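Asks: Below you will find the structure I want to go over with you.
Number of protein chains: 2
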Amino acid sequence: MWQMTRQDLRDLAVGAAFLGTGGGGDPYIGRLMVQAAMDAGKTVTLLDPSEVPDDALVIPTAMMGAPTVLIEKIPSGEEAVASLRRLEEFLGRKAYATMPIECGGINSTMPLVVGALTGLPVVDADGMGRAFPELQMETFSVLGVPGSPMVVTNEYGDNTIIQARDDKFMEWLSRGVCIRMGGAAYIAEYSMSGADVKRTAVPNTISLGIRIGRCLREAKQNHKNPIDELLKMLPDTHYSYGRIIWGGKVIDVRRETKMGWALGYAQIEGMDGWRGTMEIQIQNENLIARVDGKVKAIVPDLICIMEAETAEPITTEYLRYGQRVVVVSVAVPPIMRTPEALEVFGPKGFGIDEPYTPIEKLV
Amino acid sequence: MWQMTRQDLRDLAVGAAFLGTGGGGDPYIGRLMVQAAMDAGKTVTLLDPSEVPDDALVIPTAMMGAPTVLIEKIPSGEEAVASLRRLEEFLGRKAYATMPIECGGINSTMPLVVGALTGLPVVDADGMGRAFPELQMETFSVLGVPGSPMVVTNEYGDNTIIQARDDKFMEWLSRGVCIRMGGAAYIAEYSMSGADVKRTAVPNTISLGIRIGRCLREAKQNHKNPIDELLKMLPDTHYSYGRIIWGGKVIDVRRETKMGWALGYAQIEGMDGWRGTMEIQIQNENLIARVDGKVKAIVPDLICIMEAETAEPITTEYLRYGQRVVVVSVAVPPIMRTPEALEVFGPKGFGIDEPYTPIEKLV
């Protein structure tokens, strides 16, 4: 159990952008919300999964929809709290803690807002181990914790409680509700016992986000190469392997918003010894990187595009022609690489007709 | 309290098509479902609103969406029962009875299926007094009974419980869910006390449907003019005034399915003394009838197109070039003509820029 500091929060915003692998939305708004709560004297307590009693009820919270909408109608933070409270009422039980469902992007910070406003501790774990675009793409779901009942709430207090036959249909129904709520909504789902947290969550992903942000910051302060330092740090985490897989200049970006996603690709012409052009296919997140048709990294392993100069992670919406970038790929933990997990959020889950090959073998 | 007979059911199917004023869907499927339940030894008990204890809980049930979809995936009847049961669980109370929300079209029969399958009595009343396309268009809503909490269920048992700030937003959210459930769903909403039934419902609309069907049938059996007989019967009901407002031949029909509605118009060239051409504007239901721009009847008063030969009500989807028809307009009860009611389901509720004028004044 530990209290999050303001510095942790700033570091997390950077680390969560890295774990977002291009998607997940900018954690900036969430960071501001937690900061405002801290300014008002609130605290955020994080719990290691091992500290959660087996029979405790954990209710994860998140935002759902387009982060671009969120920026136009900034939430008060009470929306996600309302979802959690509705689910508590529906279940007839109080939550012991909340937890992220996603550690990449904005959803790394949303449960911290809930924690600050309610006083509930936040479990240092999540169900995606990165960012993914759909709600069934969760280790929770893969390992048998149902997403339903799920609550979807908006800023007016309108809410729906969804009970679906499976998590894919829950995603389908809730996406429809979210769209009708204006494209952004606040959710509570995958409620589970402490025992299930330990069994199904990707552990220590908030602290991983903080460590990534801190590592990049300290490297810069100490005039070291931030990306090198990051790759040296990773073996000490559950994300034990990371490599630079490309470096060069963005020469083409195609993006269209279709079916609620940012779909497209980026082309990066190799420089500094990298020969050829890397093409990265995007569905919110960076899904697959190829050079001359040859796969260099593939989902669910992380594919992160970073500014060559500053080592800042670049999210899909900020990709621009002419940017000098470094592409880093990182191995995800074993819990995310089982055949059952790959079925849901491996290449097949995105309609990509390529087998999954771990980044360690591709390098 | 009375038991519905098979003949009642056949008569209701005709009368409910009349009360559908072109919309509401064909009650045929619902009739078959009730008949199957009767064949299996089940009964349908109808209750006069005055027979419902003031503190009893009444949960109305209905189908929602496109009746055309319903015909392609015929329900078992358990879907609407599941909605009722979910709402009972959510409210923590058992229903004393069910009730229609709409007495025109298919929703006149859906609660009878629920009544037959559960043994619950069905209150002889509804909230529309005809058919309307949207869920906030209810005397219940106008008179302060909220539609929420509302349950939407499909044939797979997927369900959502919707709690919305108002009934229009409930319509908006549930329509989104219904579309994602494939365009047809089963609902329980506007749960209320017996006292509220007496205060807010349009009374005796199922028995009215039966009486209309019976009247048309008996007139034909006795070689009398069915429409004349119907108009003679109406003063004995809450729908106290009815007139033939046109007769002629359908010379044009335009219909398009847009935003989930059948939008368009029908043109009827006058014959047998009717001079000019009547144009009827349609949004699922017949909304306004004009001759040379002059209003002849307007929503919420009923505008029913009937086959001249057989006196069968013609629903929007069966309108065809060349049909010989008679157009009948009927006054709705006072509870549907208050300024508050007209605000919701008068011309303005449909975006029609005409004042409401009662049919008695237009004739």
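If you read the sequences in order, they're chains A and B.
Counting along the first sequence from 1, when you hit position 68 you're at 68 in this note's numbering, and nothing is skipped either side.
If you want this note's numbering, it's the 1-based position in the second sequence plus 1000.
Note that beta-carbon positions come from the ideal geometry of N, C-alpha and C, so glycine has one too.
Values in this document were obtained by computation on a predicted structure and should not be read as measured data.
What do you get for Y190(A), buried or exposed, if any count of 16 or more other CB atoms within 10 angstroms of its CB means buried?
Replies: It is buried - the Cβ of Y190(A) has at least 16 other Cβ atoms within 10 Å.
Asks: Grouping DSSP H, G and I as helix and E and B as strand, with all else coil, what is W1274(B)?
Replies: In this structure, W1274(B) counts as coil in the three-state DSSP scheme.
Asks: CB-CB under 7 Å to Q283(A), same chain, minus the five flanking residues each way: which ones, in chain order?
Replies: Excluding residues within five positions, the ones whose Cβ falls inside 7 Å are P133, W261, L263, F350.
Asks: Measuring straight from C-alpha to C-alpha, what distance separates P300(A) and I71(A)?
Replies: Each residue's Cα considered, the two are about 28 Å apart.
Asks: On a Cα-Cα basis, can you pick out the residue from I1101(B), D1124(B), R1093(B) that is closest to E1051(B)?
Replies: When each option's Cα is compared against that of E1051(B), the closest is D1124(B).
Asks: Against chain B, with Cβ distances strictly below 8 Å, would T160(A) count as a contact?
Replies: Answer yes: the Cβ-Cβ gap between T160(A) and chain B drops below 8 Å somewhere.
Asks: Would you kindly work out how many angstroms separate the C-alpha atoms of I1268(B) and D1252(B), rounded to a whole number?
Replies: Each residue's Cα considered, the two are about 7 Å apart.
Asks: For Q1281(B), name the three-state secondary structure that DSSP assigns.
Replies: In the structure shown, Q1281(B) sits in a strand (DSSP, three-state: E or B).
Asks: For S83(A), which residues of its own chain have a beta-carbon under 8 Å away from its beta-carbon, when the five flanking residues on both sides are left out?
Replies: Hits under 8 Å: T61, V151, V152, T153, N159, Y186, I187, A188.
Asks: 8 Å is my cut-off, CB to CB: does L173(A) come that close to chain B?
Replies: Closer than 8 Å to some Cβ of chain B, the Cβ of L173(A) qualifies, so yes.
Asks: Alpha carbon to alpha carbon, how far is I212(A) from G275(A)? Give it in angstroms, no decimals.
Replies: The question names Gly, yet the displayed sequence has Arg at residue 275(A). Roughly 29 Å separates the two Cα atoms.
Asks: Spatial neighbours of L231(A) within its chain, please: CB distance less than 6 Å, with the 5 preceding and 5 following residues excluded, ordered by chain position.
Replies: If we look at L231(A) and ignore the five residues flanking it on each side, its Cβ neighbours are G242.
Asks: Take C1215(B) and list the residues in its own chain whose beta-carbon comes closer than 6 Å to its own, dropping the five residues that flank it on each side.
Replies: Once the five neighbours on either side are set aside, the close Cβ partners of C1215(B) are E1229, L1230, M1233.
Asks: Distance check for A56(A) and I74(A), CA to CA, integer angstroms please.
Replies: Distance between the alpha carbons of I74(A) and A56(A): 32 Å.
Asks: Which word fits K296(A), buried or exposed, when buried means at least 16 other C-beta atoms lie within 10 angstroms of its C-beta?
Replies: So K296(A) ends up on the buried side.
Asks: Starting from the beta carbon of G176(A), find every residue of chain B whose beta carbon is closer than 8 Å, and list them in chain order.
Replies: In chain order: G1176, V1177, I1179, R1180.
Asks: On the criterion of 16 or more Cβ atoms from any shown chain inside 10 Å, does D236(A) qualify as buried, or is it exposed?
Replies: Its Cβ having fewer than 16 others within 10 Å, D236(A) is exposed.
Asks: So is Y28(A) in contact with chain B if we call contact Cβ pairs under 8 Å?
Replies: False, the Cβ-Cβ gap to chain B never drops below 8 Å.
Asks: So if I threshold CB-CB distances at 8 Å, which residues from the segment 145-158 of chain A count as touching chain B?
Replies: Residues passing the 8 Å Cβ filter: Y156, G157, D158.
Asks: Less than 8 Å between CB atoms is the rule here; does A97(A) satisfy it with respect to chain B?
Replies: Closer than 8 Å: no.
Asks: Could you check where the beta strand (DSSP E) with C1304(B) kicks off and where it finishes?
Replies: 1302-1307 is the extent of the beta strand (DSSP E) around C1304(B).
Asks: Restricting to Cα atoms, I'd like to know which of G1293(B), T1357(B), R1086(B), G1129(B) is closest to A1019(B).
Replies: For the record, residue 1019(B) in the displayed sequence is Leu; it is not Ala. Of the listed residues, the one whose Cα sits closest to L1019(B) is G1129(B).
Asks: Which ranges would you report for the alpha helix (DSSP H) in the segment 1079-1134 of chain B if only whole runs of at least 4 residues count?
Replies: Here the runs fully enclosed are 1110-1118.
Asks: Is the Cβ of Q163(A) closer than 8 Å to any Cβ of chain B?
Replies: At least one chain B Cβ lies under 8 Å of Q163(A).
Asks: Any chance the CB of P27(A) is under 7 Å from a heavy atom of the ligand ADP?
Replies: Looking for the ligand ADP in the displayed structure turns up nothing, as the structure carries no ligands at all.
Asks: Would G22(A) and I227(A) be called neighbours here (beta carbons separated by less than 8 Å)?
Replies: Cβ distance not < 8 Å, so G22(A) and I227(A) don't count as in contact.
Asks: For E1309(B), collect the residues of the same chain with a Cβ closer than 8 Å to its Cβ; drop the 5 residues on either side in sequence, then sort them by chain order.
Replies: Answer for E1309(B): R1324, listed in chain order.
Asks: Per DSSP, which residues does D252(A) bridge with? Please list them.
Replies: For D252(A), which the question treats as bridged, DSSP gives the partners Q267(A).
Asks: Thinking C-beta only, is L12(A) closer than 8 Å to G209(A)?
Replies: Going by C-beta atoms, G209(A) is nearer than 8 Å to L12(A).
Asks: Determine the extent of the beta strand (DSSP E) in which A185(A) is found, giving its start and end residues.
Replies: 184-188 is the span of the beta strand (DSSP E), which, as asked, contains A185(A).
Asks: By how many angstroms is the C-alpha of V1327(B) removed from the C-alpha of I1288(B)?
Replies: Approximately 12 Å between the Cα atoms of the pair.
Asks: For E1359(B), which of helix, strand or coil comes out of DSSP?
Replies: As written in the sequence, residue 1359(B) is Ile, which differs from the Glu given in the question. It is helical.
Asks: Can you tell which of T1357(B), A1116(B), A1095(B) has the C-alpha that lies nearest to the C-alpha of L1005(B)?
Replies: What sits at residue 1005(B) in the sequence shown is Thr, not Leu. Nearest of T1357(B), A1116(B), A1095(B) to T1005(B), Cα basis: A1116(B).
Asks: For the beta strand (DSSP E) that contains K1296(B), what are its first and last residues?
Replies: Taken as a continuous stretch (DSSP letters only), the beta strand (DSSP E) holding K1296(B) covers 1294-1298.
Asks: Any Cβ of chain A within less than 8 Å of the Cβ of F1345(B)?
Replies: By this cut-off, F1345(B) is not an interface position.
Asks: Mapping the DSSP letters down to three states, classify S1193(B) as helix, strand or coil.
Replies: If DSSP states are grouped into helix, strand and coil, S1193(B) belongs with the strands.
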